[in-house]
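Peer 1:
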Amino acid sequence: MNTKRLLTAVSASLAVAGLALAGPAQAKVEGDTIILGSAISFTGKYSTNGIHAKNGYDLGVKRINEMGGVKVGGKSYKLKVQYYDDESTPLRTAQLLERLVNQDGVKYFLGPYSSATTKAAAPIMEKYKVPMVEAEGASRSLFNKGYKYLFAVLSTSEQYLASTISLAAEVAEKNGKKPSDVKIAMAFENDPFSLDVRAGVLEDAKKFNMKVVIDDKMPRDLNDISSTLTKVKALKPDVLLLSGHSKGAATAARQIKEMKIDTPMIAVTHCEAAKIVAKFGASTNGYLCPTQWAETLSYKGKYFGSAADYDKTFKKTYDGYKNVPYQAAQASASVLVWKEAFEKANSFDTDKVRDAIASIEFETFYGPIKFAPEGNNLGKPMVLRQIQKGAFNVVAPSKYASHPLAWPRKPEE
Amino acid sequence: MWDNISILTAAPVFNIQLILDGLFIGATFALAAYGLALVWGVMNVKNLAQGDFVITGGYIAWWLGKQGIHPLWGMPISIVVMFGFGWLVYITIIRRVIDKDLFTSLLATFGLAIVMAQALNLMFGPEVQTAESDYAVRSYFNNSVTVADIKLIAFALCGVLAVVVVLFMKNSRMGQAIRATAQDPRAARVMGIDTDKVYAFTYALNAAICGAAGALISMIWVIQPFYGIGHAIRAFVIVTAAGFGNLPGVILAGLGLGVMEQYGGFVLGAEFQQATVVGLLVAVLIWRQIEMRRHRQVVQ
């Protein structure tokens, strides 16, 4: 009886060990399916954009599978994403990624939503030497730590508002003033993303020797910036720059309207996400809004066609979208990177795939993709759109501009 | 910092903007703080969910606004709904912790705050929302001072609500019962007052007051599911400074806090606007401590 028990125990433990060994090896490529893993926000404060990103991932996967999947070693594989909800908390992101690697055996990753959660993800990727192509973490601190397994298709945060500065310099010169006469007022939320945006602005302002007259940092519970705006009234700057995610954009738009702020040039991040045009109407006319991507841009690629084509496909696939958020577009683009990389590497070896990602260079509906050694995308610039009669029109950089800049802004037109 | 102060001395007109904005928002702070003082004074429950009651009230007005009801009409509805909600919370949660130690009621209301914030987030999403009154904005002094009509209306409504609550507490049977219970619950019970009902009513009344404050805040500021904590802290600062049972004190402290916040934001920068609130709380506590020590020495 004792031997019988021993036998059972031994065979059971062998079976467990076998499962543990077999599990990961099979899980990353199950039959003819390659599993990509992602811990992303379906609940909590990032849930809106987290779900946009998930829709983007799913659409990218769907398109690639429809087009015949990924060909590695002469065989066709389908893509599939295994999701977990990180509840918008970085700690949870890290736990779930560990779980995806250790228990689910996933070896290829798509990013979470937000810089904060991506910051938690990057060290895990390094630890297990598994690559992640992310689309939603723009903080520049992600790309100055020497991470080797993190790649991002989007432009980094310090580029968000920097182009406004050169635009302001252009306007000043056109009006016979010196760029160094330009007075800048700015208010940024006290969080890593917005402070990166600020750093980019300061760098460019220094180049033109412009004067920063207001440099406020807004708190996390951002429900009032009227005291900053009172300062704007007093000091009459030429440019007003604001960044504090959607909540900052909504708060700013409301109070700029209520306090009748008449600064000739105003730039705000996250205009679309905060739906300020629908909420605050004509008072938002003339706002400059940076965007990663717009469906009116002339980008083109072989998977989705042009940016406009992607826009159409997305709206057809998902109900309830009047505008396609750029968060979704860049998520789809990051799935395309995986397809290109697997085929270039022609292998499932994580290091070979990683090297393939680092060296790919291709055009997409989202813009050109080519990674810097630090992992950020060098190919694609940040675009500046202006709200003109309720529509978002590209005004900078001039290469892609569809409309001229309206200056000074006239709110009630 | 000195640059900003020199703006205020060189162009004093901007002081008017700061003071007005501070008074308008301060009035809603005072309202929420009065509710807190009531619950604290009568039931000895420190309601950490106070801010979330305010935000919930705001969401009710905002949601009704989306259905086509003007948010100003949404306010009375918000008051009624929140009254019912407060009663429900009392029956399900507060009644069970009211005679337990302080820590239990703190934990219970803290838990309630988290659940409420997450529920709002699930129902309405994490975006910042504003209820639009579509009233005009007036400008004075060559556009240096702007006053939105809705802020004036909200200020007046705060005043009206405060008067109504005071009259109610003074003259109605329930108001008298509440005051009696606050003084000595055992004696009140002996006199035939159903203190359990008094507690339920007090808690519900507090929720209703928060509902009103929240509806006004959704019209003059912005709301978001996780903004409750800021409002809870403000209410605690005000009550700590003024003491409960001291309505004029609460009103003064509320308005003063509103103005201080605006000046803090202007002079020190927006990053210190809310820090001003917490800084004030520390200052008030230190001052209280010194005062009490002096008092103790006198007694000795």
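Just so you know, the protein sequences line up as chains Y and B, in that order. Residue numbers are given in the working numbering: position 66 of the first sequence equals residue 66, and the series is strictly consecutive. Residue numbers are given in the working numbering: position 288 of the second sequence equals residue 288, and the series is strictly consecutive. Cβ atoms here follow ideal geometry from the backbone N, Cα and C, with glycine treated the same way.
What do you get for Phe103(B), buried or exposed, if any count of 16 or more other CB atoms within 10 angstroms of its CB means buried?
Peer 2: As a first step, residue 103(B) must be located in the second sequence, where it is residue number 103. Around the C-beta of Phe103(B), fewer than 16 other C-beta atoms lie within 10 Å, and the residue is accordingly described as exposed.
Peer 1: So, helix, strand or coil for Ala192(Y), using DSSP?
Peer 2: The residue you call residue 192(Y) lines up with position 192 of the first sequence. Residue identity differs from the one stated: residue 192(Y) is Pro in this sequence, not Ala. Helix.
Peer 1: Between Gly86(B), Thr28(B), Val13(B), which lies nearest to Ala207(B) when the distance is taken from Cα to Cα?
Peer 2: Position 207 of the second sequence, counted from the start, is the residue given in the question as residue 207(B). Considering only alpha carbons, the answer is Gly86(B).
Peer 1: Of the residues Asn102(Y), Arg99(Y), Phe151(Y), Leu100(Y), which one's Cα is nearest the Cα of Asp122(Y)?
Peer 2: Reading the first sequence from its first residue, position 122 is the one you call residue 122(Y). Before going further, note that residue 122(Y) is Ala rather than Asp in the sequence given. Considering only alpha carbons, the answer is Phe151(Y).
Peer 1: Under the three-state reduction of DSSP, which class applies to Pro290(Y): helix, strand or coil?
Peer 2: The residue you call residue 290(Y) lines up with position 290 of the first sequence. Strand at Pro290(Y).
Peer 1: My assumption, with CB atoms under 8 Å, is that Asn376(Y) sits in contact with Ile369(Y). Please give the rounded CB distance.
Peer 2: Here the question's residue 376(Y) lines up with position 376 in the first sequence. Here the question's residue 369(Y) lines up with position 369 in the first sequence. No, Asn376(Y) and Ile369(Y) are not in contact; Cβ-Cβ is about 11 Å, not under 8 Å.
Peer 1: Would you mind listing the alpha helix (DSSP H) stretches within the segment 130-190 of chain Y that are 4+ residues and don't spill past its ends, in chain order?
Peer 2: 162-174
Peer 1: Which residue or residues does DSSP assign as beta-bridge partners of Leu240(Y)?
Peer 2: What you label residue 240(Y) is simply residue 240 of the first sequence in a count that begins at 1. By DSSP's assignment, Leu240(Y) forms a beta bridge with Ala185(Y), Ile266(Y).
Peer 1: Would you please state the rounded distance, in angstroms, between the beta carbons of Asp297(Y) and Val383(Y)? I believe it to be under 8 Å.
Peer 2: Position 297 of the first sequence, counted from the start, is the residue given in the question as residue 297(Y). Position 383 of the first sequence, counted from the start, is the residue given in the question as residue 383(Y). At residue 297(Y) the sequence reads Leu, which differs from the Asp that was named. The pair is a contact, with the Cβ atoms about 7 Å apart (cut-off 8 Å).
Peer 1: Is there contact between the segment 98-115 of chain B and the segment 237-245 of chain B, where contact requires at least three CB pairs shorter than 8 Å?
Peer 2: no
Peer 1: With which residues is Glu361(Y) paired in a DSSP beta bridge?
Peer 2: Residue numbering aside, residue 361(Y) sits at position 361 when the first sequence is read from its first letter. Answer by DSSP bridge pairing, in chain order: Lys370(Y).
Peer 1: Relative to the C-alpha of Gln118(B), which candidate in Gln289(B), Gly84(B), Tyr227(B), Met292(B) has its C-alpha closest?
Peer 2: The sequence position of residue 118(B) within the second sequence is 118, counting from 1. It is Tyr227(B) whose Cα lies nearest to the Cα of Gln118(B).
Peer 1: Using a cut-off of 7 Å between C-beta atoms, extract the partners of Trp62(B) located in chain Y.
Peer 2: Within the second sequence, the letter at position 62 stands for residue 62(B). The premise fails here: Trp62(B) is roughly 11 Å from chain Y at the closest Cβ pair, so nothing lies under 7 Å.
Peer 1: Considering only the beta carbon of each residue, do Asn4(B) and Phe266(B) sit closer than 9 Å?
Peer 2: Translated into positions along the second sequence, residue 4(B) becomes position 4. Translated into positions along the second sequence, residue 266(B) becomes position 266. Their beta carbons are under 9 Å apart, which means Asn4(B) touches Phe266(B) by this criterion.
Peer 1: Quick check on the DSSP output: the beta strand (DSSP E) that includes Leu110(Y) runs from which residue to which?
Peer 2: Indexing the first sequence from 1 puts residue 110(Y) at position 110. Run containing Leu110(Y): 108-110, per the beta strand (DSSP E) assignment.
Peer 1: For the segment 380-402 of chain Y, enumerate the residues whose C-beta is nearer than 7 Å to any C-beta of chain B, in chain order.
Peer 2: none
Peer 1: Look at Phe365(Y) and Gly301(Y) and say whether their C-beta atoms are less than 9 Å apart.
Peer 2: Taking the first sequence and counting its residues from 1, one reaches residue 365(Y) at position 365. Taking the first sequence and counting its residues from 1, one reaches residue 301(Y) at position 301. Yes, these two residues count as a Cβ contact at 9 Å.
Peer 1: Give the interface partners of Ala254(Y) over in chain B, defined as CB-CB distance under 7 Å, in chain order.
Peer 2: In the first sequence, residue 254(Y) corresponds to position 254, counting from 1. The sequence given here places Arg at residue 254(Y); Ala does not occur at that position. The answer, in chain order, is Thr130, Val222.
Peer 1: Between the C-alpha atoms of Gln26(Y) and Val106(Y), what's the straight-line distance to the nearest angstrom?
Peer 2: Position 26 of the first sequence, counted from the start, is the residue given in the question as residue 26(Y). Position 106 of the first sequence, counted from the start, is the residue given in the question as residue 106(Y). With a pLDDT of only 41 at Gln26(Y), under 50, the local geometry of the prediction cannot be trusted, and the value read off the model is given with reservation. C-alpha of Gln26(Y) to C-alpha of Val106(Y): approximately 9 Å in a straight line.
Peer 1: How would you call Ile69(B), buried or exposed, if buried means at least 16 neighbouring beta carbons within 10 angstroms?
Peer 2: Start at 1 with the first residue of the second sequence, and residue 69(B) comes out as number 69. The residue in question, Ile69(B), is exposed, as its Cβ has fewer than 16 Cβ neighbours within 10 Å.
Peer 1: At a Cβ threshold of 9 Å, is Asn55(Y) touching chain B?
Peer 2: Position 55 of the first sequence, counted from the start, is the residue given in the question as residue 55(Y). No - not a single Cβ of chain B is within 9 Å of the one on Asn55(Y).
Peer 1: What residue range is occupied by the uninterrupted alpha helix (DSSP H) comprising Tyr203(B)?
Peer 2: Stepping through the second sequence from its first residue, residue 203(B) is reached at position 203. From DSSP, the alpha helix (DSSP H) with Tyr203(B) extends over 195-220.
Peer 1: Between the segment 277-285 of chain Y and the segment 248-256 of chain Y, do at least 3 Cβ pairs fall closer than 8 Å?
Peer 2: yes
Peer 1: Where do the N-terminal and C-terminal ends of the beta strand (DSSP E) with Met218(Y) fall, by residue?
Peer 2: For the purposes of this step, residue 218(Y) is taken as residue 218 along the first sequence, with counting starting at 1. It spans 211-218 - the beta strand (DSSP E) in which Met218(Y) sits, taken as one unbroken run.
Peer 1: Going by CA-CA distance only, name the one from Pro131(Y), Ile387(Y), Val213(Y) that's closest to Gly37(Y).
Peer 2: If you number the first sequence from 1, residue 37(Y) lands on position 37. Comparing Cα positions, the closest option is Pro131(Y).
Peer 1: In chain order, what residues of the same chain have a beta carbon less than 6 Å from the beta carbon of Gly211(B), not counting five sequence neighbours either side?
Peer 2: Reading the second sequence from its first residue, position 211 is the one you call residue 211(B). Short of 6 Å from the beta carbon of Gly211(B), and not among the five residues preceding or following it, lie these beta carbons of its own chain, in chain order: Gly57, Ser78, Ile79, Met82.
Peer 1: Below 8 Å between beta carbons is the criterion; list the residues of the segment 161-193 of chain Y that meet it against any residue of chain B, in chain order.
Peer 2: Ala187, Asn190
Peer 1: Whose Cβ in chain B lies nearer than 7 Å to the Cβ of Ala121(Y)?
Peer 2: For the purposes of this step, residue 121(Y) is identified with residue 121 of the first sequence, where counting begins at 1. Under the 7 Å cutoff, chain B gives no residues; its nearest Cβ is about 21 Å from Ala121(Y).
Peer 1: Using a Cβ cut-off of 7 Å, which residues of the segment 209-227 of chain Y contact any Cβ in chain B, in chain order?
Peer 2: Here the close residues are Asp216, Lys217, Met218, Pro219, Asp221, Asn223, Asp224, Ile225, Ser226, Ser227.
Peer 1: Measuring straight from C-alpha to C-alpha, what distance separates Gly192(B) and Arg173(B)?
Peer 2: By 1-based counting over the second sequence, the position of residue 192(B) is 192. By 1-based counting over the second sequence, the position of residue 173(B) is 173. Gly192(B) and Arg173(B): Cα-Cα distance of roughly 13 Å.
Peer 1: From what residue to what residue does the alpha helix (DSSP H) around Ile265(B) run?
Peer 2: Stepping through the second sequence from its first residue, residue 265(B) is reached at position 265. Position check: residue 265(B) holds Gly in this sequence, whereas Ile was assumed. Taken as a continuous stretch (DSSP letters only), the alpha helix (DSSP H) holding Gly265(B) covers 247-268.
Peer 1: Chain B beta carbons: is any one of them nearer than 9 Å to that of Ala273(Y)?
Peer 2: Along the first sequence, one-based indexing puts residue 273(Y) at 273. Yes, Ala273(Y) counts as interfacial toward chain B.
Peer 1: Based on the DSSP output, what are the partners of Gln146(B) in its beta bridges?
Peer 2: Residue mapping note: residue 146(B) aligns to position 146 of the second sequence, counting from 1. This sequence places Thr at residue 146(B); Gln is not what is there. Ser139(B).
Peer 1: Below 7 Å on C-beta distance, what does Ser115(Y) contact in chain B?
Peer 2: Against the first sequence, residue 115(Y) aligns to sequence position 115. Going along chain B, no residue has its Cβ under 7 Å from Ser115(Y), so there is no contact; the nearest lies around 16 Å.
Peer 1: Out of curiosity, what's the CA-to-CA distance linking Ala333(Y) and Ile357(Y)?
Peer 2: Reading the first sequence from its first residue, position 333 is the one you call residue 333(Y). Reading the first sequence from its first residue, position 357 is the one you call residue 357(Y). Distance between the alpha carbons of Ala333(Y) and Ile357(Y) is about 13 Å.
Peer 1: Do Ile34(Y) and Tyr418(Y) have their beta-carbon atoms positioned less than 9 Å apart in this structure?
Peer 2: Missing from the structure shown is residue 418(Y); chain Y here goes from 1 to 413 and no further.
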